[in-house]
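S.K.: Have a look at this one.
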Amino acid sequence: MPLLVTHVSARLSEDTATRYRRLAPVIIKIWTPEELASVPNTVPGFLEQLKRRIVRVCFEAYRQNGLLT
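Sequential numbering of the sequence shown, starting at 23, is according to this note's numbering.
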């Protein structure tokens with residue numbers, strides 16, 4: 023999924039509106055093949071997988087110089 027996110031070197035302050043901050047294009051994988059192959063059957067298992075996916079997606083964006091705010 024292509025996204026336009028805040029660049030890692032953007033200065034975050036209350037004085038600068040979000041629309042004027044430096045942006046970076048990133049491409050995020052919503053699901054990996056491994057995640058699709060092992061879909062949990064329980065709610066706790068699904069929540070644990072969701073936590074891992076959120077962390078993975080944040081690191082994917084950061085490696086492409088983007089911050090998910």
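For every residue, glycine included, the Cβ atom is placed at its ideal position computed from N, Cα and C.
In this text the structure is predicted, and so the values were computed from the model without any measurement.
1. Closest to Ala83 by C-alpha separation, out of Leu72, Glu57, Ala46 and Leu58, would be which residue?
2. Tell me, which residues are paired with Val27 by DSSP?
3. Consult DSSP for Leu89 and reduce its assignment to one of helix, strand or coil.
4. Considering only residues of the region 59-87, which uninterrupted alpha helix (DSSP H) runs meet the minimum length of 4 residues and lie entirely inside it, listed in chain order?
M.R.: For this structure:
1. Check the Cα spacing between Ala83 and each of Leu72, Glu57, Ala46 and Leu58: the tightest is with Ala46.
2. Ala46, per the DSSP bridge assignment.
3. The three-state secondary structure of Leu89, taken from DSSP, is strand.
4. With a minimum length of 4 residues, the continuous alpha helix (DSSP H) runs that stay inside the region 59-87 are 65-85.
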